[in-house]
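Counted the way full-length UniProt numbering counts, the sequence shown spans residues 1 to 119.
Glycine residues also receive a C-beta, built at the ideal position from the N, C-alpha and C atoms.
Structure first, commentary second.
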Amino acid sequence: MRYLFSFIVIVISFNCNYSFAHPDRMKSMIHKRHSHLNEEKITNIVIKKIHKMILEDFGYDAGKLKFSWGTIKNEDVNIISVNDGVYVVSATNSHDNKTLYFRVDKYGDVIAVTEHNLF
Numbered sequence: 001m002r003y004l005f006s007f008i009v010i011v012i013s014f015n016c017n018y019s020f021a022h023p024d025r026m027k028s029m030i031h032k033r034h035s036h037l038n039e040e041k042i043t044n045i046v047i048k049k050i051h052k053m054i055l056e057d058f059g060y061d062a063g064k065l066k067f068s069w070g071t072i073k074n075e076d077v078n079i080i081s082v083n084d085g086v087y088v089v090s091a092t093n094s095h096d097n098k099t100l101y102f103r104v105d106k107y108g109d110v111i112a113v114t115e116h117n118l119f
């Protein structure tokens, strides 16, 4: 019984070491949940990023956003173009009459946010 228990512990430890030794593989597994992006998912990703950008500056060109961006709705977000799985999305704040442009990759990660459509 003691040998069986020892064998199980060793097998489990090898399995755990493999997964921690390859974080790039783990990241690709995480991103598989976004593998089938559609307009609704892209819109939700952009709105969530806007709400996060109200609280914190993430280093994008747009910087930290004003609180008026918190009232943005799905109708205010539009997909402008899609090239090789990279989406260019505009979000318009009706209170300030300002527009932000988001670049979202095929995994659902926001790559860049600017006030001018440079994409």
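Pick helix, strand or coil for residue i, following the three-state DSSP scheme.
{"i": "PHE5", "result": "helix"}
{"i": "LEU55", "result": "helix"}
{"i": "ILE72", "result": "coil"}
{"i": "ASN44", "result": "helix"}
Which one or two residues does DSSP pair with residue i in a beta bridge?
{"i": "SER90", "result": "ASN78, TYR101"}
{"i": "ASN83", "result": "VAL86"}
Are the beta-carbon atoms belonging to residue i and residue j less than 8 Å from one another?
{"i": "ILE42", "j": "ILE79", "result": "yes"}
{"i": "ILE50", "j": "LEU65", "result": "yes"}
{"i": "TYR101", "j": "THR114", "result": "yes"}
{"i": "VAL11", "j": "ILE47", "result": "no"}
{"i": "HIS36", "j": "SER68", "result": "no"}
{"i": "PHE119", "j": "VAL88", "result": "yes"}
Excluding the 5 residues flanking residue i on each side, which residues of the same chain have their C-beta closer than 6 Å to its C-beta?
{"i": "HIS34", "result": "With a pLDDT of only 47 at HIS34, under the threshold of 50, the placement of this residue in the model should not be trusted, and no figure is reported."}
{"i": "VAL86", "result": "ASP105"}
{"i": "ILE111", "result": "ARG103, ASP105"}
{"i": "LEU55", "result": "none"}
Among residues of its own chain, excluding the 5 on either side of residue i, which ones have a beta-carbon nearer than 8 Å to its beta-carbon?
{"i": "ALA62", "result": "MET53, LEU100, VAL113, THR114, GLU115"}
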